[in-house]
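Beneath this line is the structure, given in structure tokens, with notes to follow.
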Amino acid sequence: MAEIRNVFDIAGRSMAAQLVRLNTIASNLANAGNVAASEETAYRAMKPVFVTQYADTVKESGISTTSIEGITTTDRKPERVYMPNHPIADESGFVYQAAVNMEEEFIEMTETNRQYQNNVEVVTTLRALMMRTINMGK
Amino acid sequence: MKGISEYLDLHSTALSLRSKRNKVLASNIANAATPHFKARDIDFDAEMQKAQREGPLRTTSNKHFPVLAKSNGKEMLYRQPLTASRDGNTVEMNVEQMEFSENVMRYQTSLTFLNNRITGLLSAIRGE
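Sequence order for the protein chains is A and B. With my numbering applied, the first sequence covers 1258 to 1395. With my numbering applied, the second sequence covers 659 to 786.
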């Protein structure tokens, strides 16, 4: 990864991470109603793992941003639902519903949205300050 | 030249410190959702005092160059959270937002002072 130099790197990469998080939430919500033939093949909610990425140089200590280490799936078990008429139901008439908690995803979506906005706000404010600094003495 | 840079020194030091602090606060806001992240901050007053106390190096011969010794390594502190969160993250969004907006406001204040001094100098040079 390239070096973190200015506020655009800080906020930009954090926004990228938040966007990945938003994408996983979208996938989770899209698959929320899905059913599968077995517990193994049932959909499990995906979650990104955030890590802090620090600036390399000593001069820039305290400067850091967020990056995504990887994406894991939750260990919540898919729900076993009795649906004997379903075409993919197993021999005892059960299907396995995707392990997605809708409320949890919605709340996380709101939180992600807020944090994305905060980063945008930081960039907007500091960009205005930079413009004013450039025009100093005029 | 030394006179002018000395004349602007206080506010330019404040401006660069404020700018550094802005970056640190932006980092805190960027890491609001990262587990185990510890929010950092600079003690502005202490750093400002440090920068002023050091000042220009004393020259004992007229062949010495005057060097402005600025404290480069800012002392980074950790913020004490008001209420600790379970995931070990000490970023409190409301606190960071308030600190950030205060810092931005003070940056603008320093900028205004600097601007006034520069326009003052310019009108003195032009003799208006």
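Glycine is no exception: its CB is placed at the ideal position from the N, C-alpha and C atoms.
Do the CB positions of residue 773 of chain B and residue 676 of chain B come within less than 7 angstroms of each other? In this structure, residue 676 of chain B does not lie closer than 7 angstroms to residue 773 of chain B by Cβ.
Cut-off 8 angstroms between Cβ atoms - residues of its own chain near residue 662 of chain B, not counting five sequence neighbours on either side: By the criterion of a C-beta distance shorter than 8 angstroms, residue 662 of chain B is surrounded in its chain by 779, once the five residues flanking it on both sides are discounted.
If you drop the 5 nearest sequence neighbours on each side, which residues of the same chain put their C-beta closer than 8 angstroms to that of residue 1370 of chain A? So the list reads 1279, once near-sequence residues are dropped.
Using a Cβ cut-off of 7 angstroms (strictly closer), state whether residue 708 of chain B contacts chain A. Residue-level contact check: residue 708 of chain B does not touch chain A, since none of the beta carbons of chain A fall below 7 angstroms from its beta carbon.
For residue 1381 of chain A, three-class secondary structure by DSSP: For residue 1381 of chain A, the three-state secondary structure derived from DSSP is helix.
Quick check: what's the CA-CA separation for residue 735 of chain B versus residue 1372 of chain A? Approximately 24 angstroms, taken between the alpha carbons.
Answer with buried or exposed for residue 1270 of chain A, where buried requires no fewer than 16 other C-beta atoms within 10 angstroms of its C-beta. For residue 1270 of chain A, the number of other beta carbons within 10 angstroms of its own is at least 16, and it is reported as buried.
Rounded to the nearest angstrom, what separates residue 1326 of chain A and residue 1309 of chain A at their Cα positions? Roughly 9 angstroms between the two C-alpha positions.
Which word fits residue 1349 of chain A, buried or exposed, when buried means at least 16 other C-beta atoms lie within 10 angstroms of its C-beta? Residue 1349 of chain A should be labelled exposed.
Inter-residue CB distance, residue 1302 of chain A and residue 1337 of chain A (contact presumed, cutoff 8 angstroms): About 17 angstroms separates the two Cβ atoms, so there is no contact after all.
If you follow the beta strand (DSSP E) that residue 765 of chain B is in, where does it begin and where does it stop? For residue 765 of chain B, no beta strand (DSSP E) encloses it; the enclosing alpha helix (DSSP H) starts and ends at 751-784.
Spatially closest choice to residue 679 of chain B from A/1329, A/1347 and A/1320, by CA coordinates: Residue A/1320 is the option with its Cα nearest to residue 679 of chain B.
May I ask you to verify whether the segment 695-702 of chain B touches the segment 1279-1295 of chain A, counting CB pairs closer than 8 angstroms and requiring at least 3? The answer is no - the segment 1279-1295 of chain A does not touch the segment 695-702 of chain B, with fewer than three Cβ pairs under 8 angstroms.
With 7 angstroms as the threshold, decide whether the Cβ of residue 753 of chain B is near any Cβ in chain A. Against chain A, the CB of residue 753 of chain B has no partner CB under 7 angstroms away; the residue lies outside that interface.
Where DSSP assigns a beta bridge to residue 1310 of chain A, which residues make up the other side? Residue pairing by DSSP places residue 1310 of chain A opposite A/1322 in a beta bridge.
Nearest-angstrom Cβ-Cβ length linking residue 784 of chain B and residue 665 of chain B, presumed shorter than 8 angstroms: For residue 784 of chain B against residue 665 of chain B, the beta-carbon gap comes to about 17 angstroms, at or over 8 angstroms, which does not count as contact.
By the criterion of Cβ-Cβ separation under 8 angstroms, what are the contact partners of residue 1377 of chain A in chain B? Neighbours of residue 1377 of chain A across chain B, judged by C-beta separation under 8 angstroms, do not exist; the nearest C-beta is about 11 angstroms away.
Option nearest residue 1285 of chain A by Cα separation, candidates A/1390, A/1366 and A/1274: The shortest CA-to-CA distance from residue 1285 of chain A to any of A/1390, A/1366 and A/1274 is the one to A/1366.
Does residue 720 of chain B come within less than 7 angstroms of chain A when only Cβ atoms are used? No, because no Cβ of chain A sits closer than 7 angstroms to the Cβ of residue 720 of chain B.
What residues from chain B crowd round residue 1389 of chain A, counting only those whose CB sits closer than 8 angstroms? Those within 8 angstroms of residue 1389 of chain A in chain B are 766 and 769.
Considering only the beta carbon of each residue, do residue 684 of chain B and residue 1379 of chain A sit closer than 7 angstroms? Note that the C-beta distance between residue 684 of chain B and residue 1379 of chain A is below 7 angstroms.
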